[in-house]
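Here the working numbering runs 355 ahead of the position in the sequence shown, where the first position is 1.
Take a look at the structure set out below.
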Amino acid sequence: MRTKNSVTGLSAESTGCLKNWSSLHNPMIRHFLHSIFIIVYVVLATAVMATVVIVVAFFSRDGNAPHLVARAWARSILFISGIHVHVNGLENLNIGGSCILMPNHQSNFDIPVLLGCLPVQFRWLAKAELFKIPIFGRGMRGCGYISIDRSNRKLAFQSLAEAATKIRNGVSVLIFPEGTRSWDGKILPFKKGGFVLSVDAGVPIVPVVIFNTWSIMPKGRLLIRTRSVRMDILAPIPTSGYTRETKDDLMDTVRKTICNAFEEKACE
Numbered sequence: 356m357r358t359k360n361s362v363t364g365l366s367a368e369s370t371g372c373l374k375n376w377s378s379l380h381n382p383m384i385r386h387f388l389h390s391i392f393i394i395v396y397v398v399l400a401t402a403v404m405a406t407v408v409i410v411v412a413f414f415s416r417d418g419n420a421p422h423l424v425a426r427a428w429a430r431s432i433l434f435i436s437g438i439h440v441h442v443n444g445l446e447n448l449n450i451g452g453s454c455i456l457m458p459n460h461q462s463n464f465d466i467p468v469l470l471g472c473l474p475v476q477f478r479w480l481a482k483a484e485l486f487k488i489p490i491f492g493r494g495m496r497g498c499g500y501i502s503i504d505r506s507n508r509k510l511a512f513q514s515l516a517e518a519a520t521k522i523r524n525g526v527s528v529l530i531f532p533e534g535t536r537s538w539d540g541k542i543l544p545f546k547k548g549g550f551v552l553s554v555d556a557g558v559p560i561v562p563v564v565i566f567n568t569w570s571i572m573p574k575g576r577l578l579i580r581t582r583s584v585r586m587d588i589l590a591p592i593p594t595s596g597y598t599r600e601t602k603d604d605l606m607d608t609v610r611k612t613i614c615n616a617f618e619e620k621a622c623e
């Protein structure tokens, strides 16, 4: 027998349905469900992308075609997440050769932003742990991305030598000079490896500044917000004249350039 609420005149079942319906319109619930949807999509899309890359890599040994597959994956994630990226300074990529791209690192979403919106072929120099992920790691190798093991100095320098060879062969390399994501969105101290690479390869460094990905998905959190992102590609910084002995001066120059651009935007 159905019971009715004496105030609303609705049955208990109807009242329960209304509560369930209203809960779906709760901003926190919607935010949670939105995040779960995106995470599930990313996991599935990553498995598909990595599988396709492994196959394509058999026919494209230079990694160019697999990188285009990865770019499509990145753009699909931005689309599903409702993230629009405003890019400034594309003309700074017209340097007539390869370069080392150095962006700041705020969030996991930096990866689809960079992959999806940098219209050049490049290879990631990424931490070795990523290459140990089943399927995904093989996909990264298929794209020609380079593993760097920071816990092993000898292997780390071997990775830098491999990256330098790719650069001399005309392929740009991207490395996060901070080495990891920032907890609070601020720019961390830089690691020296990327600057050893830039001196050895003798190519310019192109600083890239990403704004607002930290607010989409901060480090240590799984909830995802929909935000607009800005990416500024700054003028190339020549590395000629620098040596391994003066790499710290080069590192300071690049860090000041990125920090100044980041802080200037933050003050707007």
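We treat Cβ as the ideally placed atom computed from N, Cα and C, and that holds for glycine.
Where residue 441 is concerned, the enclosing beta strand (DSSP E) starts and stops at 440-443. In the structure shown, the three-state DSSP call for residue 421 is helix. Here the alpha carbon of residue 477 sits roughly 11 Å from the alpha carbon of residue 426.
Boundaries of the beta strand (DSSP E) around residue 478: 477-482. If you compare the alpha carbons of 527, 452, 506, 541 with that of residue 616, the shortest gap goes to 541. Bounds of the alpha helix (DSSP H) holding residue 382 are 382-412. Annotated three-state conformation of residue 522 is helix, per DSSP. In summary, residue 566 is buried, with 16 or more beta-carbon neighbours lying within 10 Å of its beta-carbon over all protein chains present. Beta-bridge partners of residue 586 (DSSP): 442, 565. Taking the C-beta atoms as reference points, residue 583 is found nearer than 8 Å to residue 439. Counting other Cβ atoms within 10 Å of its Cβ, residue 488 stays below 16 and is therefore classed as exposed. In the three-state reduction of the DSSP assignment, residue 529 falls in the strand class.
Rounded to the nearest whole angstrom, the C-alpha separation of residue 522 and residue 382 is 47 Å. The alpha carbon of residue 607 has as its nearest neighbour, out of 484, 450, 560, the alpha carbon of 560. Bounds of the alpha helix (DSSP H) holding residue 466 are 465-472.
For residue 579, the three-state secondary structure derived from DSSP is coil.
Non-local beta-carbon contacts of residue 423 in its own chain, meaning distances under 7 Å to residues more than five positions away in sequence, are absent. According to DSSP, residue 456 shares a beta bridge with 529, 561. Pairing residue 558 with residue 594 gives a Cβ-Cβ distance under 8 Å. If you compare the alpha carbons of 600, 404, 403, 421 with that of residue 411, the shortest gap goes to 421.
Classified as exposed, residue 524 has fewer than 16 neighbouring CB atoms from the shown chains inside 10 Å of its CB.
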